[in-house]
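Below: one structure, written as structure tokens.
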Amino acid sequence: MSGVTPTRLSWGPRTDREGCPLTSAQQIPVVVLAGFLGSGKTTLLNHLLRSARGTRVGVMVNDFGSIEIDAMTVAGQVGSTVSLGNGCLCCAVDASELDTYLETLTRPSSRLDVIVIEASGLAEPQELVRMILASDNERVVYGGLVEVVDAAEFDATRARHPETDRHLAIADLVVVNKADRVDPAELRRVHTAVAGLAERAAVVDAAYGRVDPELLFDRATRRDDEIEGQLSFDDLREDEHHAHPHAAYDTVSFTADEPMHPRRLLDFLDSRPEGLYRIKGFVDFGALDPANRYSVHAVGRFLRFYPDPWPPGAQRLTQLVLIGSGTNGDALHKALDDCRVTGPDDTPEEHSMWGVLRYVPEPEDGAGEDDS
Ligand SMILES: Nc1nc2c(ncn2[C@@H]2O[C@H](COP(=O)(O)OP(=O)(O)OP(=O)(O)O)[C@@H](O)[C@H]2O)c(=O)[nH]1
Numbered sequence: 001m002s003g004v005t006p007t008r009l010s011w012g013p014r015t016d017r018e019g020c021p022l023t024s025a026q027q028i029p030v031v032v033l034a035g036f037l038g039s040g041k042t043t044l045l046n047h048l049l050r051s052a053r054g055t056r057v058g059v060m061v062n063d064f065g066s067i068e069i070d071a072m073t074v075a076g077q078v079g080s081t082v083s084l085g086n087g088c089l090c091c092a093v094d095a096s097e098l099d100t101y102l103e104t105l106t107r108p109s110s111r112l113d114v115i116v117i118e119a120s121g122l123a124e125p126q127e128l129v130r131m132i133l134a135s136d137n138e139r140v141v142y143g144g145l146v147e148v149v150d151a152a153e154f155d156a157t158r159a160r161h162p163e164t165d166r167h168l169a170i171a172d173l174v175v176v177n178k179a180d181r182v183d184p185a186e187l188r189r190v191h192t193a194v195a196g197l198a199e200r201a202a203v204v205d206a207a208y209g210r211v212d213p214e215l216l217f218d219r220a221t222r223r224d225d226e227i228e229g230q231l232s233f234d235d236l237r238e239d240e241h242h243a244h245p246h247a248a249y250d251t252v253s254f255t256a257d258e259p260m261h262p263r264r265l266l267d268f269l270d271s272r273p274e275g276l277y278r279i280k281g282f283v284d285f286g287a288l289d290p291a292n293r294y295s296v297h298a299v300g301r302f303l304r305f306y307p308d309p310w311p312p313g314a315q316r317l318t319q320l321v322l323i324g325s326g327t328n329g330d331a332l333h334k335a336l337d338d339c340r341v342t343g344p345d346d347t348p349e350e351h352s353m354w355g356v357l358r359y360v361p362e363p364e365d366g367a368g369e370d371d372s
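Throughout the sequence shown, residue numbering follows UniProt numbering, covering 1 to 372 in sequence.
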């Protein structure tokens, strides 16, 4: 950005294939939802989908890891969820591929009002924004960047990832999430620090991503001339191609047909290495709870299990994605392999589930609930 004379991008009226001008009302805003690993992007997205009240939201999910956990956990959007598969959208998908996905979502038959792209927790948001601004699809218009911040991890994330400041500086809306995990004074401190970094953004606090959808959809339906004053290619230009945060991260994807042994899995989770920052997925505990699969989320030292009925016809599998830096993928894989129940001689005792149940939040924790 430094040393570059800003040339504002022209947002002159776009035209359809017959050359007739498209009004902004006919263009679908594309909102980028970004934020570091585990900050609560999927939780916020699910809240939006549940409380969109008539607004038709199309979703693109960019998972990191070969098992698409996020795409599986985005609520009830079958048919309009496009998963971008393994890897980071900012690197793995070039603008023409993004356009292919946008083309699918902007078909008139899908009648969408807004599209939200949930970036992987390791994505460079300005790359995504740049791709949307460069899109050939005349039916889409850039709708803003929403950054989700984990209030409880903010200092640690910033220390490890100085690029956080750069991301906040180009955000349009910052959600300081996990307000319930810090005391009010700490929340105020984080809020003030975020507001200082996010010069141009509205900053709102939230628990479990419960923000007013109007905040995003209003933002999303700004008029083109308002957007013109917001971001340009030059605003997004990098001095040099920066190191993407995920260059330093390793991902391990693990799938098992056999149920997992709760005690051995808990031992693994309780002794997980420092660098193993994020774990997400589903666990099958077999006969110990045949009705439910357990979503597991670890973010830093935070660990939770969420039991949920198996979807009808779902194959009983354990599927996990582990993301860390300085971790040994083979050793992690082997450690998880050792958590499988190996056969009839390896039947876990019933009380071995207690260790797991300790990490299931009480209903009043608010996880999974919604105010819609
Ligand atoms: N206590 C608390 N937990 C939250 C809140 N929001 C999300 N979580 C939990 O944090 C964990 C991660 O949430 P996700 O929504 O999956 O985070 P994400 O940003 O999509 O994660 P990645 O896709 O890995 O980057 C889950 O266990 C959520 O239930 C919150 O406001 N408070």
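Where a beta carbon is used, it is the ideal one built from N, C-alpha and C, also for glycine. Just so it is clear, the structure is predicted and the values come from calculations on it, not from any experiment.
Going by the beta-carbon positions, is the gap between residue i and residue j smaller than 8 angstroms?
i    : j    : result
V341 : F305 : no
F282 : S295 : yes
F254 : V114 : no
R278 : L37  : yes
V32  : V141 : no
L303 : L320 : no
G300 : T43  : no
L133 : I170 : no
D338 : R264 : yes
V57  : L112 : yes
P348 : P262 : yes
T327 : L269 : no
G121 : V30  : no
E118 : V182 : no
T55  : P213 : yes
D165 : D136 : no
Report, in whole angstroms, the separation of the C-beta atoms of residue i and residue j, which I expect to be a contact under 8 angstroms.
i    : j    : result
G35  : V148 : 3 angstroms
V174 : V190 : With 8 angstroms as the limit, V174 and V190 do not qualify as a contact, their Cβ atoms being about 11 angstroms apart.
A179 : A156 : At roughly 17 angstroms, the Cβ-Cβ gap does not stay under 8 angstroms, so A179 and A156 are not in contact.
What number of angstroms, rounded off, separates the C-alpha of residue i from the C-alpha of residue j?
i    : j    : result
G329 : G196 : 38 angstroms
I323 : L48  : 26 angstroms
G313 : L266 : 27 angstroms
F154 : D345 : 46 angstroms
P290 : E258 : 13 angstroms
E127 : E97  : 14 angstroms
R107 : R160 : 41 angstroms
P162 : R316 : 41 angstroms
R358 : A331 : 26 angstroms
Q27  : A193 : 35 angstroms
E309 : T251 : Checking the sequence shown, residue 309 turns out to be Pro, not Glu. Each residue's alpha carbon lies about 27 angstroms from the other.
L168 : K334 : 38 angstroms
G40  : G343 : 37 angstroms
E350 : A287 : 9 angstroms
S110 : V59  : 12 angstroms
A52  : V116 : 12 angstroms
A256 : R293 : 13 angstroms
W354 : D205 : 34 angstroms
R187 : A207 : First, the amino acid is wrong: residue 187 is Leu here, not Arg. Spanning the two alpha carbons is a distance of roughly 11 angstroms.
H297 : P311 : 19 angstroms
P184 : R139 : 43 angstroms
A201 : M131 : 21 angstroms
R272 : K280 : 13 angstroms
M260 : A198 : 43 angstroms
N46  : R158 : 26 angstroms
S352 : L215 : 45 angstroms
Which runs of the alpha helix (DSSP H) at least 4 residues long sit entirely within the region 134 to 160? Give them in chain order. 154 to 160
Mind pulling the alpha helix (DSSP H) runs of 4 or more residues that sit fully within the UniProt domain "CobW C-terminal" (249 to 340)? 262 to 270, 329 to 337
Of all the beta strand (DSSP E) runs that stay within the bounds of the region 170 to 220, which reach a length of 3 or more residues? 173 to 177, 202 to 205
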